[in-house]
Structure formats: C-alpha cells, structure tokens
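>
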Amino acid sequence: MTAVIRLIRGLGALAVLIGVVVGVPALLVALHLVPSTVPSIHEIGAVLSARDDGQLLRVVLAAGVWVCWLIFTLATGAEVWALIRSRPAPRVPGLGGVQGPVAALLAMVVVGLSLSSVAAPLAASGSAARPPLPVAAMSVALADLGHRQAAPVVASAEPSAGPEYVVQRRDTLWALAERHLGDPLRYTEIVALNQGRIGPDNQIASGTALTLPADAAGLTASPSVQRPGEGSSAVDVVVEPGDTLWSIAEDAHGDGETWPSVWAANAGRTEAGGEVFDDPDLIRPGWTLTVPAIAGVGPAGPGGTGSTPTPAPPPASPTATPTASPTTPPSATPSPTFSPSVTPTAAPTTTSTIGAQPTASAGPDAHATAPRPDDGTETPSEGSVALAAAAAASSVLGAVSLLAFRRYRRRQFRHRQPGRAVPIPPPELASAERMLVGAEGVDVAFLDRALRSLARPGSTPAATPDVLAVCMSADTVRVRLAHPAHDAPAPWAVDAEGVRWSLGRDTAVVGSHGPAPFPGLVSIGRSRLGEHWLLDLERVGVLRVAGHPGRAADLLRYIAAELAHNSWSEMLEADAVDLGAELATLNPDRLRMHGTSRDAIDRFERSAQERSAAIAAGSAGALQARVDDLLPDAWAPRVLLLGHGSDATGHLEEALLGVGQRMGLAVVMATDADGPGMQMTIDRDGVISVPELDLQLEAHQLPVGEAAALAQLLAHAAALPGDVGTPSASTQDASGGGHLQAHEEAEATGNDRPQVVDGLVESVLPLPDDTYSVAAATTARDVLVLAPATTPARREDAAAADPHLDEDLADWDDPDCRRPKLTLLGPVRVDAQGKLPERNPRRQFYTEVVAYLATRPDGATSEQYATALWPDEPDVIGKTKVRQSISVVRSWLGAGENGEDYLPSGLTTAAGGRYRITGALVDSDLFRRLRTRALARGADGIADLHAALGLVRGRPLELPDLRVRGVGGYGWLLDDGGDRMDLEFAAMVVDVAHLVATYHLGNGEPDRAVSAAKVALQSETFEDVPLLDLVAACDALGNRAEADAYVQRILANHDAEVEEDLPPRTAAILHRRARA
69 MTAVIRLIRG
79 LGALAVLIGV
89 VVGVPALLVA
99 LHLVPSTVPS
109 IHEIGAVLSA
119 RDDGQLLRVV
129 LAAGVWVCWL
139 IFTLATGAEV
149 WALIRSRPAP
159 RVPGLGGVQG
169 PVAALLAMVV
179 VGLSLSSVAA
189 PLAASGSAAR
199 PPLPVAAMSV
209 ALADLGHRQA
219 APVVASAEPS
229 AGPEYVVQRR
239 DTLWALAERH
249 LGDPLRYTEI
259 VALNQGRIGP
269 DNQIASGTAL
279 TLPADAAGLT
289 ASPSVQRPGE
299 GSSAVDVVVE
309 PGDTLWSIAE
319 DAHGDGETWP
329 SVWAANAGRT
339 EAGGEVFDDP
349 DLIRPGWTLT
359 VPAIAGVGPA
369 GPGGTGSTPT
379 PAPPPASPTA
389 TPTASPTTPP
399 SATPSPTFSP
409 SVTPTAAPTT
419 TSTIGAQPTA
429 SAGPDAHATA
439 PRPDDGTETP
449 SEGSVALAAA
459 AAASSVLGAV
469 SLLAFRRYRR
479 RQFRHRQPGR
489 AVPIPPPELA
499 SAERMLVGAE
509 GVDVAFLDRA
519 LRSLARPGST
529 PAATPDVLAV
539 CMSADTVRVR
549 LAHPAHDAPA
559 PWAVDAEGVR
569 WSLGRDTAVV
579 GSHGPAPFPG
589 LVSIGRSRLG
599 EHWLLDLERV
609 GVLRVAGHPG
619 RAADLLRYIA
629 AELAHNSWSE
639 MLEADAVDLG
649 AELATLNPDR
659 LRMHGTSRDA
669 IDRFERSAQE
679 RSAAIAAGSA
689 GALQARVDDL
699 LPDAWAPRVL
709 LLGHGSDATG
719 HLEEALLGVG
729 QRMGLAVVMA
739 TDADGPGMQM
749 TIDRDGVISV
759 PELDLQLEAH
769 QLPVGEAAAL
779 AQLLAHAAAL
789 PGDVGTPSAS
799 TQDASGGGHL
809 QAHEEAEATG
819 NDRPQVVDGL
829 VESVLPLPDD
839 TYSVAAATTA
849 RDVLVLAPAT
859 TPARREDAAA
869 ADPHLDEDLA
879 DWDDPDCRRP
889 KLTLLGPVRV
899 DAQGKLPERN
909 PRRQFYTEVV
919 AYLATRPDGA
929 TSEQYATALW
939 PDEPDVIGKT
949 KVRQSISVVR
959 SWLGAGENGE
969 DYLPSGLTTA
979 AGGRYRITGA
989 LVDSDLFRRL
999 RTRALARGAD
1009 GIADLHAALG
1019 LVRGRPLELP
1029 DLRVRGVGGY
1039 GWLLDDGGDR
1049 MDLEFAAMVV
1059 DVAHLVATYH
1069 LGNGEPDRAV
1079 SAAKVALQSE
1089 TFEDVPLLDL
1099 VAACDALGNR
1109 AEADAYVQRI
1119 LANHDAEVEE
1129 DLPPRTAAIL
1139 HRRARA
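Counting in my numbering, the final residue of the sequence shown is number 1144, and the numbers go up one at a time with none missing.
(1) Closer than 8 Å by C-beta to Pro-353: which residues in its own chain qualify, once you throw out the five before and the five after it? Chain order, please.
(2) Tell me which residues share the same chain as Met-639 and place their Cβ nearer than 6 Å to its Cβ, disregarding the 5 neighbours each side in the sequence.
(3) With which residues is Arg-482 paired in a DSSP beta bridge?
(4) Could you tell me the alpha carbon to alpha carbon distance between Asp-993 and Thr-923, rounded to whole angstroms?
(5) Need the endpoints of the alpha helix (DSSP H) that Val-950 sits in, please.
(6) Per DSSP, Met-661 forms a beta bridge with which residues?
(7) Indicate the three-state DSSP secondary structure (helix, strand or coil) for Gly-87 in the structure shown.
(8) How about Asp-1097 and Ala-1077: do their beta carbons lie closer than 8 Å?
(9) Within this structure, are the beta carbons of Gly-593 and Trp-601 separated by less than 8 Å?
(10) Rounding to the nearest angstrom, what Cα-Cα distance links Asp-670 and Pro-533 in this structure?
(11) Take Ser-541 and list the residues in its own chain whose beta-carbon comes closer than 6 Å to its own, dropping the five residues that flank it on each side.
(12) Tell me which same chain residues have a C-beta within less than 7 Å of the C-beta of Val-567, skipping the five on either side of it?
(13) Using only the alpha-carbon positions, how far apart do Thr-401 and Ala-786 sit?
(14) Can you list, in chain order, the stretches of the beta strand (DSSP E) that have 3 or more residues and sit fully within the region 842-894?
(15) Among residues of its own chain, excluding the 5 on either side of Ser-570, which ones have a beta-carbon nearer than 6 Å to its beta-carbon?
(16) Please list the terminal residues of the continuous alpha helix (DSSP H) segment that includes Gly-618.
(17) Would you tell me roughly how many angstroms separate the C-alpha atoms of Ala-1135 and Leu-1025, rounded to the nearest one?
(18) Spatial neighbours of Glu-1088 within its chain, please: CB distance less than 6 Å, with the 5 preceding and 5 following residues excluded, ordered by chain position.
(19) What runs of the beta strand (DSSP E), each 3 residues or longer, lie entirely inside the region 262-286?
(20) Tell me whether Gln-485 is buried or exposed, calling it buried when 16 or more other Cβ atoms sit within 10 Å of its Cβ.
(21) Around the Cβ of Gly-713, are there at least 16 other Cβ atoms within 10 angstroms (buried) or fewer (exposed)?
(22) Excluding the 5 residues preceding and the 5 following Leu-1019 in the sequence, name in chain order all residues of the same chain whose CB lies nearer than 7 Å to its CB.
(23) Where Thr-948 and Ala-934 are concerned, what is the direct C-alpha to C-alpha distance, given to the nearest angstrom?
(24) What does DSSP give as the partner residue(s) for Ser-591 in the beta ladder?
(25) Where does Ile-492 sit, in a helix, a strand or coil, going by DSSP?
(26) Among the candidates Val-512, Asp-657, Arg-74 and Trp-938, whose CA atom is the shortest distance from the CA of Asn-270?
(27) When the distance is taken between beta carbons, is Arg-524 closer than 8 Å to Ala-531?
(28) CA-CA distance, Gly-572 and Ala-518?
(29) What is the rounded straight-line gap between the Cα of Ala-693 and the Cα of Leu-761?
(30) Among all the DSSP beta bridges, which residues are the ones paired with Thr-749?
(31) Does the distance from the C-beta atom of Ala-500 to that of Ala-936 stay below 8 Å?
(32) Between the Cα of Gly-1070 and those of Asp-879, Pro-1094, Ala-558 and Ala-844, spot the shortest distance and give me the residue it belongs to.
(33) Where does Ser-469 fall in DSSP's three states?
(34) Taking its Cβ as the centre, do 16 or more other Cβ atoms sit within 10 Å of Lys-889, making it buried, or is it exposed?
(35) Assess contact between the region 941-956 and the region 994-1011, defined as three or more Cβ pairs (one per stretch) separated by less than 8 Å. Is contact present?
(36) Where does Asp-899 sit, in a helix, a strand or coil, going by DSSP?
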C-alpha cells in the first residue's frame, strides 16, 4: 500500500469519525430535534395513545439517531482512551458490533496521518541514503580512539540489518523505533527490514521476530524465538490492568476465540493473596495465568490469521557482519538492567538477540571479535545506567550496598562538627545514589538472622548443617545441604530427604545473635520467579565459570562487590586478580584488587598449605572453629577471584578439594579449561547453568561502569567530613536569607571571641566561653562558629532585610490562613485551600510537585520541571500531563486575597515564563530566616531560636514509602548539586538545638536544655551532639544514672567499648565530664 493511499484512507476515516461524532449532533440541533426535557412515563403514554399528527415518527427517528450516536461516541471514546494508554480497549457490553469498525477507523487515521508514512518515501527518493543514527557507534568511537583507525561508514540505500527483537504484547512499530532507535519516525526502517513479517497497515503481533537496524540500542535479551517446526509450549503471563481472557488469548494465539483454553488451563488456580480464579470474567492485575499452546495456532502473522508463516529472511547487507560494521557495540555485555527473564528449567535454544557479536564458542578468534569490557577503564557519568545492575534489579548486592551506604552516612553525621556540612556527593554520582536509594532490595537482614540461627555452638560438628546453596524468595528462605540432615533447629522445617531446610519470613527466628557460620555465601543469579540463589563458596572450594568471557567477568565483578559488604561475611578477605581497578575503593578493608601479579595467588597457596596441614593434624576445620570460637581468626575466610588471563596452579585446586573439610578458602575463576571443582557456564545472554544443582538462572552482572559508580559513591560516603574538602556551613548573616553560608573554618583560639564588656558578649551566647565549656557539652570552636559576635548595625540590617518574618510566622500558626503551607521539617505535606480531583486525587504526587516548585525561589522551566518529576521518561517534555499537573496544582493552591494565583500562569509578570510558587509558606524557609535574625539580634535572638525549633515536626523530609510516592520519587533532591536539602536540614536542626541547649545550660536552666535536645532527637538524627547535651543536662539536674545511660547509648551507636574509640569531639567532652 503506497503512502498516498494510506493518506487518503486516513483522511477519509477521519472525516467519517468527525462527521458522526460532531456532524450528527450538529445536524439534529439545526433541525430542532434536541429534547428540552426528559419526558415522564405518563407523557410517553399520552403521546402513544393520542392521534398521530406526523410528529410521532419524527420524534422516534430522532430518538433512535441520538441513541445510535451515543453508542458510536462511547465506542470511539473507549478506543481513543485505549490508544492513548497503549492498552487494548475494554470490551464494553452491548458495543461489540460498533467497537470493531471504530477501531478500524482509528487505525486508518493513525497509520495514514503518520508523518513518516509520507516522509520516508520522499526522503528515499529525494536524497542520498543516509546512514542510521549512530546511537551505539558513539561508544565504539570513544573506546577505540587512539587504539585503532575507525572503520569508514559505508552508505547504503537500505538500513543495515542488526539484532532481532521478539514482539511483546502491546508493542507498536512507532514505540519500537522510539525506544531502540531514538526516533519514532525511523519505524519505516524496521518495515524495510521485515518485508513479509509485518501485516497490513503495519500491524505486528506478539511473538513475531523482527530484525532491527544495526544501531538499535537498549535492547532486552528477548525470549527464545520460536520458529516453525520447533514445537511450542505453555507460557506464563502476568495480568496487567485492562486485560481480559480474550485479549490475553488474542496476544498469545492471534485469536481471542481461543480464550476457553486459557480458562480451562487456569480454572481453580490459587493466585497470590489466596484468591481463587473461579470466574472467567474476573481477573486481577498481578495474577499469573498459564497460556497453553494451541496446535496449529500461533501469533497472528501478516495475513492476520493464527498461522505462523515462515518469516522472510532479512535483506542481505555487508554491514550485518559483526566485524565489518562500525556500529557494532563494543561489548556483548549489556547492562543487567536488561537481563532476560529466564525459565529455570529450559535453556535458550536460539542465538542471542542482543547484538551481532559472535558467541564465546564461535572459535579461536572469539576473544578477538568480542572485546572484553574490562580491557580498559570506564568513567561513570550521570547518564550511565548507574547501579542498574545492583540496586534497580533488587539484587542482594543492591541491598547490602544500600545498608553500607546508610551506615557510612550515619557515621559521617556522627563525626560532623557543629557548623560543618557532611560531604556532598559530586553531581556525576547523583544518578547512582538515586538508583541505590530508590531500589527495593532483598531483605538481607532476615537472611542474615536466618543463617546465624543455624550455628549451634558446643554441639557436635554434624549439628551445624553443611550448607551448599541458599534460595531466597519473597516469603521463604530455603537452604540446600550438601549432605542429608534431619535434625533442624526450630523453627526450621525439613523435607523428607533431609537436604532442603526452609524457614518462612513470618516466623520468629531463634538464636540469631551468634556467629555468622557461612561467610562465603554469595548470590549468583535469580530465577524467573524472582528467587535469589546464593552459593557457599567455602563449601564449593573451587568454582569455575566458563562461557562468554565478558559475562563471566561481570559475574565475578558482581561477586567481588557483594563480598565487600555482606553482613554475614565476617572477617572475610577477598583478593581479585585481573578484574580491573574500578572496585579498588569499594571497601579496601575487605576487598583488595590486584593486577596480574601472582603475589595474591602465592599468599593464598601458602594459606591453603597451612590449613591443610592443620586439618591433617586433627582440626575440625573452619566451620566448627567459627561456630565454637576456636581460634576463628586462624580460619578467617578468604576468597580468591581470578579473571581471564590469570590462572591458579593445579596444586592449589587439589589442596582445596582434597582434604574433605571446609578450609575457609575458596577460588572463583573465569576459565574455559576443565578441572576439579564446581562447573558453571554462562552464555552471552547472561544465563548461567549449574549442572550440579540442576539450575539455570539469570546471572547477576556488574559491568565496569556500574562497578566504578558504586565504588565511588560508597567511598565518598565512607570518607569522614574532615577527609573531604567540604566547606563549613552554618554561619549565617542577615544577607544570607537564612541559607547556610560556606566559608573557611577559623581555628578557635583564645582571641577569636571579642572582648567581654561588663561580663557579656554581644552574641546569642552572651556569657564568656569558659562558662559554656564548664556547664554545657560544647567547645570553644562550637561557640565561635555557631554564635558569632554581632553588632547593632547587623541587628538593624537583619530587621530591614526581612520585615515580614513575624507576619509570616503568625500566618503559619493561623489555621484559617489561606496561604499554602509546605511542611519539610517532618513528614512532607501540603495544606492548601483548594481541592484535588475527587476521582484521582494523587495527593502524594501533587505534594511532590509543590515541594519541588516551592523550594526553587527562581522557579523552574518547563523542561526542568518535566525531567525532575518524570526522570524515567526522556520524552516527557511537551506532553499534556506536564501541563495538566501544573493546572491541578494551581487549582489546589488557590489564589490570594488579591485574586492572583499562588502558582501564576507562565504568561504573567510574576511567573516570568517559569513555573514558580509565590506567597506560600515553607517551614524550612521560616526556620532559616528565624536563625538568621536570631544570630543578628544577639542575646535577644534566643526567642527566635525557640520559635525555629517549634517548627520541627519529625525527621526532615520524611518521605512516604517507595511504593506510594509520586512518579518522581523525590529523586530531584539528589540532583540539586551543592544544595542538598536532605543533608542540610538534618544538620541545621541539630545545630540550632545545640545552640539553644548551650544557652540554657549556661544560664542554669537544664530542664529547658533537655527540651531543646529532645527536639533534635525528634528529628531522628544520628549525631552525638543532642545526646551529649542530654548528658550535660542530666548531670546538672543530678540524674547521674540517666546521664550514664545516654553515654552508653553513644558508645553503642559507634560500636565502641571505651570513650577513646569515639570521634575526637565526643571523646573530649566525655573526658572533660569524667574529670569534673
């Protein structure tokens, strides 16, 4: 069908739709056939029984036309709404005969009026053929620059054939081109490469294998392509909103009439949550249904039938050869974010559809044609996938890394000096932090407790199970034993064979505070059902990973990163040889990276010899020594990871496997050579096969870029405030508007404070320094930084700079005030005079919109706003929902007494062409302004500081659970560069509370100091400052025992035994207390 014919058909269909939907009611109105009222039953009866004067037929015909118009319009609305949502239209009862023609008309409009339908032929005939957009070629050019001459780009009139893609449910050619080619108008290139596979009007059916252009990027490893003659099998489908049995059968078989087979295969099935599928007309989103294969029926092909014709081969192209195409990706190891969903019981049977790279087994030149991803270094950038391999994939690595990140961040706050800011991650790590913090990881805390409950000190060696692997699902932990054992501690359950023990997540774990018996457990992959599988490397001894070299390197890199922070890997040391240096800063205390040196291998061999000799002399081995605390340091676990290019001697392997006991040692190597130990094979799609456990899993992967981002982020979080060049940030002046002012910290000396006049200092802490040093938990440096001296001129300047502060504070406390109020110093919430839409209020999302705009005094452009609130939609700019959200928020906030909207239109002078909220009240802004004025007012400013603390309602920026947050998820908080409100507000509250507590302790008012310190604790701070203030206040009140309890709490927070193990400031204050 030519583009002109498509255009004519599209215009004709559009004319029909407009003529019926708009023209019919217009005609009826013109003919005065619009009823003014709805007739009652009595009036209808009277008309029917009266003599007909010719009007009855006219009224009946008009009523029939109105009814038909209403049915047609409803069907059109349903189809348009489904088209907008890219979902199948719901089957409206009674409209079945109308929905089909309406859908056909809309399809002709969409296809016929698409710009590409006309533009593609014109471009092909009117200009020289252009090469495809170099989406993937850019990385090749950068990676190979300086190493080899780039291959010339060969112009071709036809698009170059590239990877294959298997059409999924609800895919369209437009969406595929937009997603994988970067331009939806390039869908004609897909059509050109797939003649005979695409139906009339560019229709495609799920299950069809399409060849994409060579520069296609961001591809998921597609499911195996089922070719004719290969047989078929049932598949599992997760129900999505809008699905019906008819639509599911239509997607799977190409014919919705086969829905009874789906019903028969699932009738009586118990779904998640305990519901039973017993009504074919009722299925719920999230349910899993098995769709059986139908003999002779497959996805609808080009002819629109259920047959599966043999697809035509793609056009031959010289650039389809991997080694000849300049747009070939540099590595066949894509980010694991796009890992395939693998059925545990069946390996893929077709060639990978990710790229045109040869497999690792293609021959002796496979290594040359598939460059390894770790041959060079890769610098992470804000646009990188940034931990998609770990955090976004909800892996064990993401969970343990998040715990480590939070632990490091708490440590930074505890070491923070009052008036100083914690180190702020650089902007290029913002996306990595957002992915890590936003991931819903595995519950590794429960896994750790469950594993520790298996250790039984003082019992026989056989009492502790010989764990080989662990499988963790959403509700159960199952351990796989190397040898049968039936004596499981309660509440563990044992199967009949004694090789599988299980523990439910809802079961209270007993004895979970002992040693970690299996420090070598590390996850290797997950099943299609989402089960995470972990191997005990110590029990395996030698693990060989064969297959695709790039995938194997990514798996070993993942294992190394997870071992670096597993909470159950106590005392473990890991050495990685020939895996690159990107993980060197991840956790140097546990993970050491080496080049190609044999030093690490030689040390490992010596350790193996020593432990082998100890076992030969009668030692029970590493597991028993660990459980019974018998010189556990001598059996500290060690793991050696060897990349391609490094090899261990056969003597080492024999030493690890020949003693028959756990030695606390393990070797993991990427090698294709046969040898002793457990064998594991990984293919180019990232699927690992473990024959010994009869497993096929989706392998965990950590490519170089994501590994570097993870290491840099955690290294930055682990650095103490004094280790990073972070300016101090807590001294304010009237010109600062209440915001933290960066300055170089002065050394506190005896001459830093002004001279005392009449026994007082012109400051919010007016007494001499010695008074506060003796009575309060502070230092001379704290007093200097937090309470600088002021002057009458500064007092006047502060009052003139913020004349409306008292009025704004009164409005904040007035429940009848019309001004919008945003709470950030506690659970984030918005109080406004307007209302949200009743049917879909989406309060959490619109609250985030207000929070974003209200914290930007200069406003935000439409582009800034759209990308901040929809960070995962690169094409969101200009979409209707962006403007719609602003309209909803404008109505919600309302207008002031002068009639002007608090969120003005972009056309007004107040908005200045940007989205900005004016006149709203924000508690954090009031807090800053009060503190600024307090410092300028000197001793009179203590009232302002009390008012500031009165604004605190909990932990600053306390956000709802990830599952109920808005679309943006508040990720923009991490993208604000140097203005990190989440870090600033927490320190701001603690500093003001400490200032107030110090003031009252110096004045002999310890009870008021207690109130101030408890406000800081209410903010859920991790710092020692408010606890030290409570120690000083309790001592002043004579509550020595309570003060000692707070000291023990400080020691516990730092996992310290004595005060010398605490941060210097904390230790100095407690030491001064001990001498008093």
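Using N, Cα and C, we set each Cβ at its ideal position, and we do this for glycine too. If you're wondering where the values come from, they're calculated on a predicted model, not measured in any experiment.
Based on what the coordinates show:
(1) Translated into positions along the sequence shown, residue 353 becomes position 285. The answer, listed in chain order, is Val-307, Glu-308, Pro-309 and Asp-311.
(2) Taking the sequence shown and counting its residues from 1, the one referred to as residue 639 is at position 571. So the list reads Ala-704, once near-sequence residues are dropped.
(3) Within the sequence shown, numbered from 1, the residue matching residue 482 stands at position 414. Arg-482 pairs with nothing; no bridge assigned.
(4) Mapped onto the sequence shown, residue 993 falls at position 925. Mapped onto the sequence shown, residue 923 falls at position 855. Taking the straight line from one Cα to the other gives about 9 Å.
(5) Taking the first residue of the sequence shown as position 1, residue 950 is located at position 882. Unbroken alpha helix (DSSP H) run through Val-950: 948-961.
(6) Position 593 of the sequence shown, counted from the start, is the residue given in the question as residue 661. Met-661 pairs with Ala-644.
(7) Walking along the sequence shown from the start, residue 87 turns up at place 19. If DSSP states are grouped into helix, strand and coil, Gly-87 belongs with the helices.
(8) Walking along the sequence shown from the start, residue 1097 turns up at place 1029. Walking along the sequence shown from the start, residue 1077 turns up at place 1009. Contact: yes.
(9) As a working note, residue 593 is residue 525 in the sequence shown. As a working note, residue 601 is residue 533 in the sequence shown. Closer than 8 Å, so yes.
(10) Residue mapping note: residue 670 aligns to position 602 of the sequence shown, counting from 1. Residue mapping note: residue 533 aligns to position 465 of the sequence shown, counting from 1. The straight-line gap from Cα to Cα measures roughly 32 Å.
(11) By one-based count along the sequence shown, residue 541 stands at place 473. Same-chain partners within the cutoff: Glu-599.
(12) Translated into positions along the sequence shown, residue 567 becomes position 499. Hits under 7 Å: Arg-548, Leu-549 and Pro-552.
(13) By one-based count along the sequence shown, residue 401 stands at place 333. By one-based count along the sequence shown, residue 786 stands at place 718. Because the pLDDT of Thr-401 is 37, which lies under 50, any placement of that residue in the model is unreliable, and the question is left without a value.
(14) 889-891
(15) On the sequence shown, position 502 is the one that residue 570 refers to. Cβ within range, chain order: Thr-544, Arg-546 and Ala-561.
(16) As a position in the sequence shown, residue 618 is number 550, starting the count at 1. Unbroken alpha helix (DSSP H) run through Gly-618: 617-631.
(17) Taking the sequence shown and counting its residues from 1, the one referred to as residue 1135 is at position 1067. Taking the sequence shown and counting its residues from 1, the one referred to as residue 1025 is at position 957. Spanning the two alpha carbons is a distance of roughly 31 Å.
(18) Residue 1088 sits at position 1020 when you count from the first residue of the sequence shown. The residues are Arg-1023.
(19) 277-281
(20) For this step, residue 485 is matched to residue 417 along the sequence shown. Classification of Gln-485: buried, given that the 10 Å Cβ count is 16 or more.
(21) Translated into positions along the sequence shown, residue 713 becomes position 645. Classification of Gly-713: exposed, given that the 10 Å Cβ count is below 16.
(22) The residue given as residue 1019 occupies position 951 in the sequence shown. Only Leu-893, Asp-991, Leu-994 and Phe-995 meet the Cβ criterion.
(23) In the sequence shown, the residue the question calls residue 948 occupies position 880. In the sequence shown, the residue the question calls residue 934 occupies position 866. Approximately 11 Å, taken between the alpha carbons.
(24) For the purposes of this step, residue 591 is taken as residue 523 along the sequence shown, with counting starting at 1. Leu-602, per the DSSP bridge assignment.
(25) Against the sequence shown, residue 492 aligns to sequence position 424. Looking at Ile-492 - three-state DSSP - the assignment turns out to be coil, as it is neither helix nor strand.
(26) Along the sequence shown, one-based indexing puts residue 270 at 202. Asn-270 has its Cα closest to that of Arg-74, out of Val-512, Asp-657, Arg-74 and Trp-938.
(27) As a first step, residue 531 is located in the sequence shown; it is residue number 463 there, counting from the start. As a first step, residue 524 is located in the sequence shown; it is residue number 456 there, counting from the start. Closer than 8 Å, so yes.
(28) Along the sequence shown, read from residue 1 onward, the residue named residue 572 stands at position 504. Along the sequence shown, read from residue 1 onward, the residue named residue 518 stands at position 450. Cα-Cα distance, rounded: 10 Å.
(29) For this step, residue 693 is matched to residue 625 along the sequence shown. For this step, residue 761 is matched to residue 693 along the sequence shown. Cα to Cα, the separation comes out at about 28 Å.
(30) Counted from its first residue, the sequence shown places residue 749 at position 681. Beta-bridge pairing links Thr-749 to Ala-614 and Ser-757.
(31) Position 432 of the sequence shown holds residue 500. Position 868 of the sequence shown holds residue 936. For Ala-500 and Ala-936, no; Cβs fall outside 8 Å.
(32) Stepping through the sequence shown from its first residue, residue 1070 is reached at position 1002. Closest by alpha carbon: Ala-844.
(33) Along the sequence shown, read from residue 1 onward, the residue named residue 469 stands at position 401. Correct three-state label for Ser-469: helix.
(34) For this step, residue 889 is matched to residue 821 along the sequence shown. Burial call: buried.
(35) no
(36) Locating residue 899 in the sequence shown gives position 831, where the first residue counts as 1. Residue state, collapsed to three classes: strand.
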